[in-house]
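> For the sequence shown, position 144 (counting from the first letter as 1) is numbered 480 according to the numbering used here, and the numbering increases by one without interruption.
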Amino acid sequence: MDHLDYRSLAVLDAVVSQGSFEKAALALGISQSAVSQRIRALEDAAGRLLVVRGQPAVATGLGQRLVSHHRNVKLMEAALDIDLGNKISMPEVGLAVDAASLATWLPLSLQPLLSPPRCQLNIEQADRAKALHLVREGSVFGAVAAAGPDDQPAGGTGPTVTPLGVMRYVCVATPAFAGHWFGDGFILEAAQLAPAMTVDGDMTASFLRDVLDLKGPYPHHTMPPSAASLECIYGSLAYGLMPLPQVARALAEDRLVDLAPGHHVDVALNWHAWKLDTPFTRILSEQLVATARRVLLQA
Numbered sequence: 337m338d339h340l341d342y343r344s345l346a347v348l349d350a351v352v353s354q355g356s357f358e359k360a361a362l363a364l365g366i367s368q369s370a371v372s373q374r375i376r377a378l379e380d381a382a383g384r385l386l387v388v389r390g391q392p393a394v395a396t397g398l399g400q401r402l403v404s405h406h407r408n409v410k411l412m413e414a415a416l417d418i419d420l421g422n423k424i425s426m427p428e429v430g431l432a433v434d435a436a437s438l439a440t441w442l443p444l445s446l447q448p449l450l451s452p453p454r455c456q457l458n459i460e461q462a463d464r465a466k467a468l469h470l471v472r473e474g475s476v477f478g479a480v481a482a483a484g485p486d487d488q489p490a491g492g493t494g495p496t497v498t499p500l501g502v503m504r505y506v507c508v509a510t511p512a513f514a515g516h517w518f519g520d521g522f523i524l525e526a527a528q529l530a531p532a533m534t535v536d537g538d539m540t541a542s543f544l545r546d547v548l549d550l551k552g553p554y555p556h557h558t559m560p561p562s563a564a565s566l567e568c569i570y571g572s573l574a575y576g577l578m579p580l581p582q583v584a585r586a587l588a589e590d591r592l593v594d595l596a597p598g599h600h601v602d603v604a605l606n607w608h609a610w611k612l613d614t615p616f617t618r619i620l621s622e623q624l625v626a627t628a629r630r631v632l633l634q635a
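1) Just checking, does the stretch 527-534 make contact with the stretch 612-622 on the three C-beta pairs under 8 Å criterion?
2) Confirm, please, whether the CB-CB distance from Leu-450 to Ala-462 is below 8 Å.
3) Comparing alpha-carbon positions, which option in Ala-512, Pro-448, Gly-390 and Gly-474 lies nearest Trp-610?
4) In chain order, what residues of the same chain have a beta carbon less than 7 Å from the beta carbon of Leu-544, not counting five sequence neighbours either side?
5) CB Val-371 to CB Val-394, shorter than 8 Å?
6) Hey, Leu-305 and Val-403 are a contact pair by Cβ (cut 8 Å); roughly how many whole angstroms apart?
7) Any idea what DSSP makes of Cys-455, helix, strand or coil?
8) Straight-line CA distance for Ala-563 to Pro-581?
9) Quick check: what's the CA-CA separation for Met-539 versus Val-603?
10) How is Arg-504 classed by DSSP in three states: helix, strand or coil?
11) State the beta-bridge partners of Met-663 as determined by DSSP.
12) Name the one or two DSSP bridge partners that Leu-431 has.
13) According to DSSP, simplified to helix, strand and coil, what is Pro-579?
14) I'd like to check one pair, Leu-605 with Ala-628: are the Cβ atoms closer than 8 Å?
15) Let me check one thing: in DSSP terms, what residues is Asp-594 bridge-paired to?
16) How close, in whole Å, do the beta carbons of Leu-500 and Val-625 come, if the pair is a contact with beta carbons under 8 Å?
17) Under 8 Å: do the stretch 441-448 and the stretch 378-394 share three or more Cβ pairs, one atom per stretch?
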């Protein structure tokens with residue numbers, strides 16, 4: 337491509353964000369045929385397909401890289417607006433975050449970012465594999481994900497990796513549930529009968545194997561992180577592993593009890609982010625890292 341048509345890139349961004357040519361046209365206030373023409377012109381210039389037409393319409397690899405480039409340029413233009421004293425636009429910044437962080441410390445970092453508004457945040461809940469895929473392909477600026485052996489160290493060609501701390505999970509239940517099912521303690525025979533609530537089945541199975549040597553099946557409900565999964569615990573319907581920051585107050589107030597004191601699961605978290613030095617992305621990274629390190633356990 338000899339040069340980039342940024343008006344057409346804005347159309348490509350809209351198609352990918354909205355998931356269809358029709359919705360992109362409505363969002364941009366132009367005709368659907370104009371959207372199609374802009375996309376075809378970009379594809380002709382690139383010599384490659386940029387959007388897979390379907391329900392929803394999705395970007396190809398090159399299409400996603402062009403969308404990411406367009407969003408980064410918008411962020412840098414917004415930074416220039418500040419320097420020039422112009423009316424500040426509201427660029428969109430995408431994040432991928434694990435469920436436990438979304439439920440605990442991440443909301444504490446939003447106040448400095450959103451008041452006064454500095455950007456439009458688009459936060460997606462994602463497990464490690466999905467979060468790293470989104471940040472590496474440029475769909476999001478940054479991701480909070482469990483640490484892994486393949487995390488690229490800071491200073492490489494990809495996103496930088498910053499340690500945030502450790503999310504500790506403890507096995508909890510209400511006193512009523514514990515008294516009914518675990519009156520003789522957190523023992524193997526009781527765990528083979530008591531219903532557990534699992535958000536991450538592998539984590540729970542590993543915990544029960546390590547603590548109780550429970551290697552076979554056990555009764556459990558499987559739910560995504562939600563109000564329903566919390567209600568299972570607080571409603572005395574199940575026991576389960578919960579992030580310590582989420583249940584610390586309830587434990588202190590004796591509304592929940594730790595079924596296996598001294599036993600827990602620790603998950604180290606990292607912040608993966610592209611090197612994009614704008615006021616928005618710099619403040620965002622600083623706030624996320626500072627908040628996480630204040631709430632999470634530090635080595």
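Every residue, glycine too, gets a C-beta built ideally from N, C-alpha and C. Since this is a predicted model, take the numbers as computed values, not measurements.
From the atom records:
1) no
2) Within the sequence shown, the letter at position 126 stands for residue 462. Within the sequence shown, the letter at position 114 stands for residue 450. Not in contact: Ala-462 and Leu-450 (Cβ atoms no closer than 8 Å).
3) Position 274 of the sequence shown, counting from 1, holds the residue named residue 610. Comparing Cα-Cα distances from Trp-610 to each of Ala-512, Pro-448, Gly-390 and Gly-474, the minimum goes to Gly-474.
4) Taking the sequence shown and counting its residues from 1, the one referred to as residue 544 is at position 208. Hits under 7 Å: Ala-527, Leu-550 and Tyr-554.
5) Here residue 371 is taken as the residue at index 35 of the sequence shown, counted from 1. Here residue 394 is taken as the residue at index 58 of the sequence shown, counted from 1. No, the pair does not count as a contact, with Cβ atoms beyond the cut-off.
6) The requested residue 305 does not occur in the structure, where the chain is confined to residues 337 to 635.
7) Walking along the sequence shown from the start, residue 455 turns up at place 119. Looking at Cys-455 - three-state DSSP - the assignment turns out to be coil, as it is neither helix nor strand.
8) The count along the sequence shown starts at 1 and reaches residue 563 at position 227. The count along the sequence shown starts at 1 and reaches residue 581 at position 245. Their backbone Cα atoms lie some 16 Å apart in a straight line.
9) On the sequence shown, residue 539 is found 203 positions in, with the first residue counted as 1. On the sequence shown, residue 603 is found 267 positions in, with the first residue counted as 1. Approximately 10 Å between the Cα atoms of the pair.
10) In the sequence shown, residue 504 corresponds to position 168, counting from 1. Strand.
11) Because residue 663 is not part of the residues shown, which for the chain are 337 to 635, the question remains open.
12) Along the sequence shown, read from residue 1 onward, the residue named residue 431 stands at position 95. The partner list for Leu-431 (beta bridge, DSSP) reads Ile-459 and Gly-478.
13) Along the sequence shown, one-based indexing puts residue 579 at 243. Here Pro-579 sits in strand by DSSP.
14) Stepping through the sequence shown from its first residue, residue 628 is reached at position 292. Stepping through the sequence shown from its first residue, residue 605 is reached at position 269. Yes.
15) One-based indexing of the sequence shown puts residue 594 at position 258. Looking at the DSSP assignment, Asp-594 forms a beta bridge with Val-508.
16) Position 164 of the sequence shown, counted from the first residue, corresponds to residue 500. Position 289 of the sequence shown, counted from the first residue, corresponds to residue 625. Yes, Leu-500 and Val-625 are in contact; Cβ-Cβ is about 6 Å, under 8 Å.
17) no
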